[in-house]
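Participant: Dropping a structure here in structure tokens format, bear with me for questions.
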Amino acid sequence: LEEIGDDAGSGRLVVVSNRVANLRNTGQAGGLAVGLAETLKEREGIWFGWNGAPDGVTGGEVQVERVGPAEQVTVPLSPEDVANYYLGYANSVLWPLFHYRLDLVDYRPAFYESYQRVNQTFARQLSPFLKDDDLIWVHDYHLIPLARCLRKAGCRQRIGFFLHIPFPSPDILFAAPNHAELVEALLDYDVIGFQTQADAGNLKAYLAENSAAVQLDDIHFRVGDRTVTIDRFPIGIDAKGFAAMTREADDEVLIDLMRRQVLGRRQIIGVDRLDYSKGLPERLKAFDRLMAQHPELEKSVTYLQVAPPTREEVDAYGDIRAELEALVGSINGRLADFNWTPIRYIHRSVDRAKLAPLLRGSQVGFVTPLRDGMNLVAKEYVAAQDPEDPGVLVLSRFAGAAEEMREALIVNPYDIDDMAHKLYQALTMPLDERRSRHEALLDHVMRHDSRAWLEAFLAALGDEATSARRPQQA
Ligand code: GDG
Numbered sequence: 033l034e035e036i037g038d039d040a041g042s043g044r045l046v047v048v049s050n051r052v053a054n055l056r057n058t059g060q061a062g063g064l065a066v067g068l069a070e071t072l073k074e075r076e077g078i079w080f081g082w083n084g085a086p087d088g089v090t091g092g093e094v095q096v097e098r099v100g101p102a103e104q105v106t107v108p109l110s111p112e113d114v115a116n117y118y119l120g121y122a123n124s125v126l127w128p129l130f131h132y133r134l135d136l137v138d139y140r141p142a143f144y145e146s147y148q149r150v151n152q153t154f155a156r157q158l159s160p161f162l163k164d165d166d167l168i169w170v171h172d173y174h175l176i177p178l179a180r181c182l183r184k185a186g187c188r189q190r191i192g193f194f195l196h197i198p199f200p201s202p203d204i205l206f207a208a209p210n211h212a213e214l215v216e217a218l219l220d221y222d223v224i225g226f227q228t229q230a231d232a233g234n235l236k237a238y239l240a241e242n243s244a245a246v247q248l249d250d251i252h253f254r255v256g257d258r259t260v261t262i263d264r265f266p267i268g269i270d271a272k273g274f275a276a277m278t279r280e281a282d283d284e285v286l287i288d289l290m291r292r293q294v295l296g297r298r299q300i301i302g303v304d305r306l307d308y309s310k311g312l313p314e315r316l317k318a319f320d321r322l323m324a325q326h327p328e329l330e331k332s333v334t335y336l337q338v339a340p341p342t343r344e345e346v347d348a349y350g351d352i353r354a355e356l357e358a359l360v361g362s363i364n365g366r367l368a369d370f371n372w373t374p375i376r377y378i379h380r381s382v383d384r385a386k387l388a389p390l391l392r393g394s395q396v397g398f399v400t401p402l403r404d405g406m407n408l409v410a411k412e413y414v415a416a417q418d419p420e421d422p423g424v425l426v427l428s429r430f431a432g433a434a435e436e437m438r439e440a441l442i443v444n445p446y447d448i449d450d451m452a453h454k455l456y457q458a459l460t461m462p463l464d465e466r467r468s469r470h471e472a473l474l475d476h477v478m479r480h481d482s483r484a485w486l487e488a489f490l491a492a493l494g495d496e497a498t499s500a501r502r503p504q505q506a
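Here the sequence shown stands for residues 33 to 506, numbered as in full-length UniProt numbering.
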């Protein structure tokens with residue numbers, strides 16, 4: 033924690049998340065994993081979470097592995113808890129609900145029981161590792177009740193919570209049978225962090241009408257005799273590191289790029305876990321619409337969509353995959369020629385070392401989720417561009433990133449014509465405009481990077497320990 037300075041206290045950083053990223057190998061997919069692993073490589077601390085295996089015994093043996101200055105502490109879960117806590121409450125109730133997909137919520141009482149039980153078990157297994165001056169940072173919707181469980185186990189340390197996904201408006205949250213308990217549990221944290229102003233505003237709106245919490249100023253609330261901070265901490269990427277990756281030539285990607293240059297072909301790129309929140313069918317339809325409206329683009333534009341599998345055990349994910357594959361097949365069947373495949377769809381994870389130069393070699397970054405906490409791909413696309421000849425980011429207004437990345441071409445992902453039109457605008461944008469938009473976006477992505485995010489959150493978490501001595505922020 034040396035680099036954080038005095039503000040964050042002198043203790044270790046204890047990160048808790050559902051799954052622990054392998055600190056030795058961070059080349060896998062997943063926003064949280066990529067963001068935090070880099071940090072814990074440098075500072076003393078612990079990363080605690082589930083070991084990822086589906087066949088353990090909940091509450092069973094704890095594994096500790098030292099990686100540099102940090103310890104990875106992993107615990108097992110039983111098949112029943114994987115089904116009910118992880119696939120169930122977390123990913124069949126909270127994930128769809130927080131992404132405004134009430135139609136996909138599959139609520140069962142057994143899910144919530146397991147969710148509570150696993151959080152209690154995690155708290156019991158984590159407690160013996162904690163030291164008095166540790167700062168504890170809990171991540172994401174799987175672990176909302178963890179602070180409450182830790183407090184019951186006697187933990188007095190400062191605990192922060194960061195939600196990586198959207199926090200819905202009260203109207204939507206009311207659809208969760210346990211909303212009151214969930215929000216009460218949230219208030220056991222000292223700092224509650226969101227990606228956007230809109231998300232933070234949604235919790236504040238809920239509290240105003242449905243709790244005894246008293247708002248002191250813009251970000252501080254009085255809850256009993258404690259002060260809780262509710263604020264936005266938009267996550268960033270390791271922008272410099274990512275930009276550097278694009279310069280390490282990958283031969284296969286370079287050859288593909290040269291081939292496209294010879295043929296005079298440009299590329300639209302999308303990179304997303306195959307999740308229904310990402311708006312993938314709408315994107316394919318927009319590309320199809322673009323081709324229908326501008327037949328002159330045939331054979332001169334291709335769309336590459338990387339969509340690695342995720343949560344395949346949940347039915348809704350099988351459905352979106354089937355829908356997507358049918359669409360790709362029908363659009364390609366209709367438009368393709370023997371020497372042109374309009375859509376290339378990859379349902380596998382692509383190596384990060386290839387991903388960065390692929391983003392750089394694509395003239396349009398197509399990032400149009402129906403809802404997204406932030407969306408790191410939008411930032412990666414910008415960081416990957418050649419500033420002299422940058423591509424254009426087409427970004428959904430429903431991605432958290434749209435709150436910051438105003439110079440992108442902002443679209444409504446439910447409006448296929450709007451997306452087709454903005455794709456065309458991106459493909460025909462003059463160099464000057466591309467440069468000026470990119471310059472502003474790059475400046476933002478570089479300054480608000482992953483380190484800035486981490487430091488801002490930890491400062492807020494440490495801040496409160498010294499709040500008596502500090503003037504409160506307005
Ligand atoms: C959650 C929130 C929030 C994707 N495919 C491959 C691959 N990726 C990498 C991307 C990016 C990361 O995974 C995905 O991050 P996102 O932010 O786009 O989305 P989620 O996974 O849904 O993340 C999100 C994030 O948490 C952080 O707070 O922004 O809103 O939903 O880094 O590049 N990486 C590799 N191969 C792939 O095929 N190597």
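Built from N, CA and C at the ideal position, the CB exists for glycine as well.
Given that a residue counts as buried once 16 or more other Cβ atoms are within 10 Å of its Cβ, and exposed if not, what is P160?
Facilitator: Counting from 1 along the sequence shown, the entry for residue 160 is found at position 128. Result: exposed.
Participant: Give me the Cβ distance between Q395 and G423, rounded to the nearest whole Å; I'm assuming they're in contact under 8 Å.
Facilitator: Position 363 of the sequence shown holds residue 395. Position 391 of the sequence shown holds residue 423. Going by Cβ atoms, the distance from Q395 to G423 rounds to 5 Å, so yes, they are a contact pair.
Participant: If distances are taken between C-alpha atoms only, which option among F253, C187 and D172 comes closest to L214?
Facilitator: The residue you call residue 214 lines up with position 182 of the sequence shown. The residue with the shortest Cα to Cα distance from L214 is D172.
Participant: Where do the ends of the alpha helix (DSSP H) carrying Q157 lie?
Facilitator: Working through the sequence shown from its first residue, we reach residue 157 at position 125. Run containing Q157: P141 to L158, per the alpha helix (DSSP H) assignment.
Participant: Any chance the CB of M437 is under 7 Å from a heavy atom of the ligand GDG?
Facilitator: Translated into the one-based positions of the sequence shown, residue 437 becomes position 405. For the ligand GDG, not one heavy atom lies less than 7 Å from the Cβ of M437.
Participant: Compute every distance between the C-beta of H174 and the non-hydrogen atoms of the ligand GDG, then say whether any falls below 7 Å.
Facilitator: What you label residue 174 is simply residue 142 of the sequence shown in a count that begins at 1. H174 Cβ: outside cutoff for every heavy atom of the ligand GDG.
Participant: Only counting runs of 4 or more residues, tell me where the alpha helix (DSSP H) segments fall wholly within the segment 338-390, in order along the chain.
Facilitator: 347-367, all fully within the segment 338-390.
Participant: Taking C-beta to C-beta, are D81 and N116 nearer than 8 Å?
Facilitator: Residue numbering aside, residue 81 sits at position 49 when the sequence shown is read from its first letter. Residue numbering aside, residue 116 sits at position 84 when the sequence shown is read from its first letter. For clarity, residue 81 is Gly in the given sequence; the question names Asp instead. No, Cβ-Cβ distance for G81 and N116 is not below 8 Å.
Participant: Are there 16 or more other CB atoms within 10 angstroms of the CB of R188, so buried, or fewer, so exposed?
Facilitator: Taking the first residue of the sequence shown as 1, we reach residue 188 at position 156. Exposed is the call here.
Participant: Look up F430 in the DSSP assignment and say whether it is helix, strand or coil.
Facilitator: The count along the sequence shown starts at 1 and reaches residue 430 at position 398. Here F430 sits in coil by DSSP.
Participant: Where T90 and L109 are concerned, what is the direct C-alpha to C-alpha distance, given to the nearest angstrom?
Facilitator: Sequence index remark: in the sequence shown, residue 90 carries index 58 (1-based). Sequence index remark: in the sequence shown, residue 109 carries index 77 (1-based). Each residue's Cα considered, the two are about 4 Å apart.
Participant: The ligand GDG and S381: does the residue's C-beta get closer than 7 Å to at least one heavy atom of that ligand?
Facilitator: The sequence position of residue 381 within the sequence shown is 349, counting from 1. Because some heavy atom of the ligand GDG lies under 7 Å away, the Cβ of S381 counts as near it: yes.
Participant: Within its chain, find whatever has a CB closer than 7 Å to the CB of N407; leave out the 5 residues flanking it on each side and keep chain order.
Facilitator: Counted from its first residue, the sequence shown places residue 407 at position 375. Hits under 7 Å: V399, P401, A431, G432 and A433.
Participant: Which whole-angstrom value describes the C-beta separation of S482 and D270, a residue pair presumed to lie in contact below a C-beta threshold of 8 Å?
Facilitator: Along the sequence shown, read from residue 1 onward, the residue named residue 482 stands at position 450. Along the sequence shown, read from residue 1 onward, the residue named residue 270 stands at position 238. The Cβ separation is near 5 Å, so the contact holds.
Participant: If you check the beta carbons only, do V409 and L474 fall under 8 Å apart?
Facilitator: Within the sequence shown, numbered from 1, the residue matching residue 409 stands at position 377. Within the sequence shown, numbered from 1, the residue matching residue 474 stands at position 442. Contact: no.
Participant: Note down, one range per segment and in chain order, each beta strand (DSSP E) of at least 3 residues found wholly within the segment 223-266.
Facilitator: List check, beta strand (DSSP E) in window: 223-226, 252-255 and 258-264.
Participant: On the premise that P340 lies in contact with D381, defined as a C-beta separation below 8 Å, what is that separation, rounded to the nearest angstrom?
Facilitator: On the sequence shown, residue 381 is found 349 positions in, with the first residue counted as 1. On the sequence shown, residue 340 is found 308 positions in, with the first residue counted as 1. Inspection of the sequence shows that residue 381 is occupied by Ser rather than by Asp. Contact flag correct, Cβ pair sits at about 4 Å.
Participant: Please return the same chain residues whose Cβ sits closer than 6 Å to the Cβ of residue 24, not counting the five positions on each side in sequence.
Facilitator: What is shown of the chain runs 33 to 506, which leaves residue 24 out entirely.
Participant: Can the beta-carbon of L195 be found closer than 8 Å to that of D231?
Facilitator: Counting from one through the sequence shown, the residue named residue 195 turns up at place 163. Counting from one through the sequence shown, the residue named residue 231 turns up at place 199. Yes, the Cβ-Cβ distance between L195 and D231 is below 8 Å.
Participant: Nearest to Q104 by CA position, among D421, N123, G88 and A53, is which residue?
Facilitator: Against the sequence shown, residue 104 aligns to sequence position 72. Nearest option by C-alpha distance: A53.
Participant: Could you tell me the distance, in whole angstroms, from the CA atom of F199 to the CA atom of D369?
Facilitator: Position 167 of the sequence shown, counted from the first residue, corresponds to residue 199. Position 337 of the sequence shown, counted from the first residue, corresponds to residue 369. The alpha-carbon atoms of F199 and D369 are separated by roughly 45 Å.
Participant: Within this structure, are the beta carbons of P209 and N234 separated by less than 8 Å?
Facilitator: Counting from one through the sequence shown, the residue named residue 209 turns up at place 177. Counting from one through the sequence shown, the residue named residue 234 turns up at place 202. No, the pair does not count as a contact, with Cβ atoms beyond the cut-off.
Participant: Mind reading off the beta-carbon distance from N83 to V107? Whole number of angstroms is fine, and I expect it under 8 Å.
Facilitator: Within the sequence shown, residue 83 is the residue found at index 51, counting from 1. Within the sequence shown, residue 107 is the residue found at index 75, counting from 1. Yes, N83 and V107 are in contact; Cβ-Cβ is about 6 Å, under 8 Å.
Participant: Of the choices E74, L391 and A85, whose alpha-carbon is the least far from that of R98?
Facilitator: As a first step, residue 98 must be located in the sequence shown, where it is residue number 66. Measuring from the Cα of R98, the nearest candidate turns out to be E74.
Participant: In the DSSP output, what is F194 paired with across the bridge?
Facilitator: Reading the sequence shown from its first residue, position 162 is the one you call residue 194. H171 and G225.
Participant: Starting from the C-beta of F489, find all residues in its chain whose C-beta is less than 8 Å away, skip the five residues before and the five after it, and write them out in chain order.
Facilitator: Stepping through the sequence shown from its first residue, residue 489 is reached at position 457. Correct list, in chain order: W169, G192, F194, V223, G225 and F265.
Participant: Could you check if G405 belongs to the surroundings of the ligand GDG, using beta carbon to heavy atom distance under 7 Å?
Facilitator: For the purposes of this step, residue 405 is identified with residue 373 of the sequence shown, where counting begins at 1. True, at least one ligand heavy atom lies under 7 Å from that Cβ.
Participant: What residues in its chain sit with their C-beta under 6 Å from that of E420, if we drop five residues either side in the sequence?
Facilitator: The residue you call residue 420 lines up with position 388 of the sequence shown. So no residue of the chain qualifies.
Participant: Less than 7 Å separating the Cβ of G365 from some heavy atom of the ligand GDG?
Facilitator: Position 333 of the sequence shown, counting from 1, holds the residue named residue 365. It does not: the Cβ of G365 is nowhere closer than 7 Å to a heavy atom of the ligand GDG.
Participant: Tell me the DSSP bridge mates of D404?
Facilitator: As a first step, residue 404 is located in the sequence shown; it is residue number 372 there, counting from the start. Partner(s): A431.
Participant: Please confirm whether G397 and V360 have their CB atoms less than 8 Å apart.
Facilitator: By 1-based counting over the sequence shown, the position of residue 397 is 365. By 1-based counting over the sequence shown, the position of residue 360 is 328. Going by C-beta atoms, G397 is not nearer than 8 Å to V360.
Participant: So does G432 have its beta carbon nearer than 7 Å to some heavy atom of the ligand GDG?
Facilitator: As a first step, residue 432 must be located in the sequence shown, where it is residue number 400. G432: yes, Cβ under 7 Å from the ligand GDG.
Participant: Does DSSP put E315 in a helix, a strand or coil?
Facilitator: As a first step, residue 315 must be located in the sequence shown, where it is residue number 283. Contrary to the premise, residue 315 reads as Arg rather than Glu in this sequence. Residue state, collapsed to three classes: helix.
Participant: Which one or two residues does DSSP pair with Y335 in a beta bridge?
Facilitator: For the purposes of this step, residue 335 is taken as residue 303 along the sequence shown, with counting starting at 1. Y335 is bridged to I300 and I375.
Participant: Are the segment 462-477 and the segment 323-337 touching, with three or more C-beta to C-beta distances below 8 Å?
Facilitator: Short answer: they don't touch.
Participant: Check the DSSP bridge columns for F398 and list the partner residues they point to.
Facilitator: Counting from 1 along the sequence shown, the entry for residue 398 is found at position 366. Answer is V426.
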